[in-house]
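Some notes on the structure that comes next.
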Amino acid sequence: MTVIIGLEIHCQLNTKTKLFCGCSTDYRDDGPNTHVCPVCLGLPGTLPVLNKQAVLYALKVAKALHCEVPAYSEFARKNYFYPDLPKAFQITQYDKPLALGGYIDIEAEAGGEKRVELTRIHMEEDPGRLVHKGSGDRGRYTLVDYNRSGVPLIEIVTEPQLSSPKEARRFLNKLRATLEYLGIYDSEREGSLRVDANISIKGYERVEVKNITSYKGVEKALTFEITRQKGMIRRNATIVRETRHYQEARGVTTSARSKEMEHDYRYFPEPDLAPLEVSSWVEEIPLPELPDARRDRFMQQYGLSLNHARTLTGDLKLAEFFEEVASDMPEIAAPWTADILLGELNYRDMPVTKVPVPHYRALLLEVKKGSVTDTSAVEVMRLILNQVMEGQQPEMPGEIIARLGLSKEKGDSIVDTVASVLKEHEAAVADHRAGKAGAINFLVGQVMKATRGRADPKEIAKIIADLLKD
Amino acid sequence: MGSRYSFAHSDPHNAFITICREAEYGEGPLSGIPVAVKDNISTAGIETTCGSNILKGYIPPYDAHVITLLRSAGAAIVGKTNMDEFGMGTTTETSAFGPTLNPADPTRAPGGSSGGSAAAVASGMVPMALGTDTGGSVRCPASFCGVVGLKPTYGRVSRYGLIAYANSMEQIGPLAENVRDCALLYSVIAGHDPRDGTSLDLPAPAPLKPEIAGKRIGVPAEFFGEGVDPAVASAVRSGIDRLEGLGAEIISCSMPSMQYALAAYYVTSMSEASSNLGRYDGVRYGTAPDFVRSWHDAYSHIRKTGFGEEVRRRILLGSFALSAGYQGKYYAKAQAARQMVRNDFARLFKTVDMLAGPTMPCVALPLGETSDPLSMYLADILTVPANLAGVPALSVPCGTAHNLPVGLQLIGQHGAEDEILSAALAFEEGSA
Chain X
7 MTVIIGLEIH CQLNTKTKLF CGCSTDYRDD GPNTHVCPVC LGLPGTLPVL NKQAVLYALK
67 VAKALHCEVP AYSEFARKNY FYPDLPKAFQ ITQYDKPLAL GGYIDIEAEA GGEKRVELTR
127 IHMEEDPGRL VHKGSGDRGR YTLVDYNRSG VPLIEIVTEP QLSSPKEARR FLNKLRATLE
187 YLGIYDSERE GSLRVDANIS IKGYERVEVK NITSYKGVEK ALTFEITRQK GMIRRNATIV
247 RETRHYQEAR GVTTSARSKE MEHDYRYFPE PDLAPLEVSS WVEEIPLPEL PDARRDRFMQ
307 QYGLSLNHAR TLTGDLKLAE FFEEVASDMP EIAAPWTADI LLGELNYRDM PVTKVPVPHY
367 RALLLEVKKG SVTDTSAVEV MRLILNQVME GQQPEMPGEI IARLGLSKEK GDSIVDTVAS
427 VLKEHEAAVA DHRAGKAGAI NFLVGQVMKA TRGRADPKEI AKIIADLLKD
Chain C
2 MGSRYSFAHS DPHNAFITIC REAEYGEGPL SGIPVAVKDN ISTAGIETTC GSNILKGYIP
62 PYDAHVITLL RSAGAAIVGK TNMDEFGMGT TTETSAFGPT LNPADPTRAP GGSSGGSAAA
122 VASGMVPMAL GTDTGGSVRC PASFCGVVGL KPTYGRVSRY GLIAYANSME QIGPLAENVR
182 DCALLYSVIA GHDPRDGTSL DLPAPAPLKP EIAGKRIGVP AEFFGEGVDP AVASAVRSGI
242 DRLEGLGAEI ISCSMPSMQY ALAAYYVTSM SEASSNLGRY DGVRYGTAPD FVRSWHDAYS
302 HIRKTGFGEE VRRRILLGSF ALSAGYQGKY YAKAQAARQM VRNDFARLFK TVDMLAGPTM
362 PCVALPLGET SDPLSMYLAD ILTVPANLAG VPALSVPCGT AHNLPVGLQL IGQHGAEDEI
422 LSAALAFEEG SA
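Which chain is which? The protein sequence lines are X and C, in order. Heads up, the first sequence is in my numbering, so the first residue is 7 and it goes up one at a time. Heads up, the second sequence is in my numbering, so the first residue is 2 and it goes up one at a time.
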């Protein structure tokens, strides 16, 4: 059963002001309905005035994603009633969007690259936000916050060319990285990237899953929906064309309450805004180095493997961090950052920007000098990260190493330890002599244990071999 | 600021919805002049209803751009005038606040939808007033009440704060006792406003002087076609003769797109209105609905009881014209027809400076006579072409028919308000 997935991604543009008025878009720390004016409240008689910066940002995305920008595009009204929509229509774009076509290359399942084509990119305004209060399923009453009303969005629509939830995640990661590199999007703002997905099994009806509010939820939502559809096909049940909502907390999709009829949004051109004739602006919009280019540069400039380069450039902040702390010792910094640090950060849900640069650099230098073992270095890293998490001033790695006595034990200082371990485990020594493969690892492990990880496993193995030769 | 104007008039014609008995005014070209404002123009701190129950009690927190301009020109804003609900009518009888009586004959309607503004001027309560003109709503009541009314070029006057009926066609325009006052008020409100994305940035209006000699004035045959009252036609023809007598060159011409204009106008205006009026759902304006029901039911209840019959009819027709499967048949065709009207004007203005004809095909109608919506729509046939094309047009009194005022309409080229006002002044003063 072939899975077909298409995505619609809504991305908030991080302009200073809203799409059609001068209200600030940075309302994060402020109370409800404090970033509003007659225009974004949709008061009678108000008119939209287009924010040029938002258009430039949208065009920047279009250019970076290789879209065609038609000579003429226009805004349209999408009419529907909902309490978070103060004008009872959303200003969006319909049959004449800002940009057409384009593509994103992602890592294919089978290795290599896969090109995912885009259908279009258009601009629109975000509605307000409803807050359901009180007890009961949907709350006893609902509050409306219009701070978000009028925040500029772009909607990026893909062709139905993704074939698994994993691919969808890779696509979104690549898209998110590109948007961050472009500097037009703030990944730390809640709800700044929202996804709707169209999912079908080849030969059956397609289902739209809405309300995936975090891009991390996408893989889970898609996996659930595909399993549900496949199960229905196996049971010979009919998949109906419908809209389903993703319930983030439960990880399931549920059928959206059936409306009396299909929505008819009665689109028509927005009479209060002049058509957009902006294709000539595209050429002058500068593009920064984008993830693919940076990945290739990392491979060339620092000699990184494709995997390390891809990981380290897959997030703007991570790429910047890598270049800042580690560009003079890439052979150590790449694996430590991509393979170890990233895992520790994910485990703590900690952004890379919180990692103290001098401490991390000092730690890598200790590793480079060979003054600590990898095991000890990881221990030091964890300690530093925990101290940062707890709001303490982190200790420098040298201090920690000295305080905990983590200096690598070398040569003569561990020969005695090795000798006593060999004495204690004669059976294992005999096994080793008899050619049993696991015995040497056991012995190395015992020495590591005895030195509390301060010795280098390779060196231990060498000393064991030397001692047993005699 | 600081001076106060005491507005003591009684209002026997029900021209006003809200009267401001004490109005502040300041220095400027309109200093101390009482000006009435149609009730669909937002006034900070003064209730603004659009003649509708659904906006009763709505007090805008901001001034429309034209109000800011009026205040800084020193005008005393003495009240908000009656109108057809949301501008949807040609008689001012669809107002939720009762009909306005025509000062020329109180048994008749003043025309609409700016009937309150025209009546306030015609009865001498104020020398000038603001109206709005979407399909003739300034010119029609000007014609029926015997005053001067101008619909400016689309984009010439900021619509910021004008509560929308049909955005792509409407303009705020002045009504006054005479052409000079009309031009004065126009010169105050015209100009670019960055808050209106359709606002034009044109040079300031030129000082007014009577000027008509040598002008080429086209008279489209369609303006005297079927449905035009012969007595009205005769009054207007003698008006055109007077223009000729003042030195204008009269040129017969034709505007074949007139046959589509009315349909194009109504489909477009109703479509836009159906969207504009969606926001009146009881959540933010008007009587709070009973939200114990589902919000869907509550919305439909408030909209059913809050809007009058004509408004509901236009919302329903407009929603239909935009709906999937019908949009191509109605809305899209209306836009094509609109383009034909624009093309006709462009063609005619290659050979003439302006067009002349009757403003309305008839005189003011007795109150209560236009219960049939279709016949009401037909009366707009001569005014809607200017709105479809966005060109300026005015109505200036031109004698009487059946002892009631008749208006002569002059339609100018895009941005040529000065030219038609100068011609109207020459016509009014009888000098070229």
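Ideal Cβ positions, reconstructed from N, Cα and C, are used throughout, including at glycine. Source: prediction; values computed, not measured.
C:Lys210 is the residue among C:Lys210, C:Phe17, C:Ile68 whose C-alpha sits nearest the C-alpha of glycine 431 of chain C. The three-state secondary structure of asparagine 447 of chain X, taken from DSSP, is helix. Under a criterion of Cβ atoms nearer than 7 angstroms, the residues of chain C adjacent to asparagine 85 of chain X are, in order, Ser276, Gly279.
Secondary structure at histidine 314 of chain X: helix, using DSSP grouped into helix, strand and coil.
In the three-state DSSP reduction, tyrosine 267 of chain C falls in the helix class (H, G or I).
Judged by DSSP secondary structure, leucine 356 of chain C falls within the beta strand (DSSP E) whose first and last residues are 355–359.
Taking the beta carbon of valine 284 of chain C as reference, the chain X residues within 8 angstroms of it are Pro89, Val150, listed in sequence order. Considering only beta carbons, the part of the stretch 43–63 of chain X lying closer than 9 angstroms to chain C consists of Cys43, Pro44, Val45, Leu47, Gly48, Leu49, Pro50, Gly51, Thr52, Leu53, Pro54, Val55, Leu56, in chain order.
Aspartate 36 of chain X counts as exposed, since fewer than 16 other beta carbons sit within 10 angstroms of its beta carbon.
Comparing alpha carbon positions, the residue from X:Tyr221, X:Glu283, X:Leu188 closest to histidine 16 of chain X is X:Tyr221. In this structure, the alpha-carbon of glycine 117 of chain C lies about 11 angstroms from that of serine 138 of chain C. Secondary structure at isoleucine 390 of chain X: helix, using DSSP grouped into helix, strand and coil.
Three or more beta-carbon pairs separated by less than 8 angstroms link the stretch 58–67 of chain X to the stretch 179–191 of chain X, which places the two stretches in contact. Following the DSSP letters along the chain, one finds aspartate 151 of chain X inside the beta strand (DSSP E) bounded by residues 147–151. Looking only at C:Met355, C:Asn168, C:Asn277, C:Arg196, the smallest Cα-Cα distance to tyrosine 161 of chain C is reached by C:Arg196. When Cβ-Cβ separations below 8 angstroms define contact, serine 96 of chain C makes no contact with chain X. In terms of beta-carbon proximity, alanine 177 of chain C stays away from the interface with chain X, with every pair separated by 8 angstroms or more. In the DSSP secondary-structure assignment, tyrosine 252 of chain X is bridged to X:Thr259.
Alanine 222 of chain C and glycine 75 of chain C have their alpha carbons spaced roughly 44 angstroms apart. Neighbourhood of aspartate 270 of chain X in chain C, by CB distance below 8 angstroms: Ser324, Ala325, in chain order. With the rule of 3 Cβ pairs closer than 8 angstroms, the stretch 240–249 of chain X does not count as touching the stretch 19–31 of chain X.
At a C-beta separation below 7 angstroms, phenylalanine 95 of chain X has these neighbours in chain C: Ser276, Gly279.
In this structure, tyrosine 78 of chain X sits near lysine 102 of chain X, with a CB-CB distance shorter than 8 angstroms. Of the residues assessed, glutamate 74 of chain X falls on the exposed side of the cut-off, its CB having fewer than 16 other CB atoms within 10 angstroms. Judged by their CB atoms, proline 400 of chain X and proline 362 of chain X are nearer to each other than the 8 angstroms cut-off. The Cβ-Cβ distance between tyrosine 155 of chain C and glutamine 172 of chain C falls below 8 angstroms. Close to proline 153 of chain C, with beta-carbon spacing below 8 angstroms, lies no residue of chain X; the smallest spacing is near 17 angstroms.
If you look at glutamine 172 of chain C, you'll find it in the beta strand (DSSP E) that goes 172–177.
In the displayed model, lysine 236 of chain X falls within a helix according to three-state DSSP. Fewer than three Cβ pairs drawn from the stretch 140–153 of chain C and the stretch 51–62 of chain C lie within less than 8 angstroms of each other, which leaves the two stretches out of contact. Close partners of serine 169 of chain C in chain X (Cβ separation under 9 angstroms): Pro275, Pro277, Asp278. For asparagine 57 of chain X, there is no enclosing alpha helix (DSSP H), as DSSP marks it with neither H nor E. Between valine 268 of chain C and tyrosine 332 of chain C, the C-beta gap is smaller than 8 angstroms, which places the two residues in contact.
As computed with DSSP, proline 35 of chain C is found in a beta bridge with C:Ala77. Against proline 92 of chain X, the close residues of chain C are Arg280, Arg285, in the order they occur along the chain (beta-carbon pairs closer than 8 angstroms). With fewer than 16 neighbouring CB atoms inside 10 Å of its own CB, asparagine 352 of chain X falls in the exposed class.
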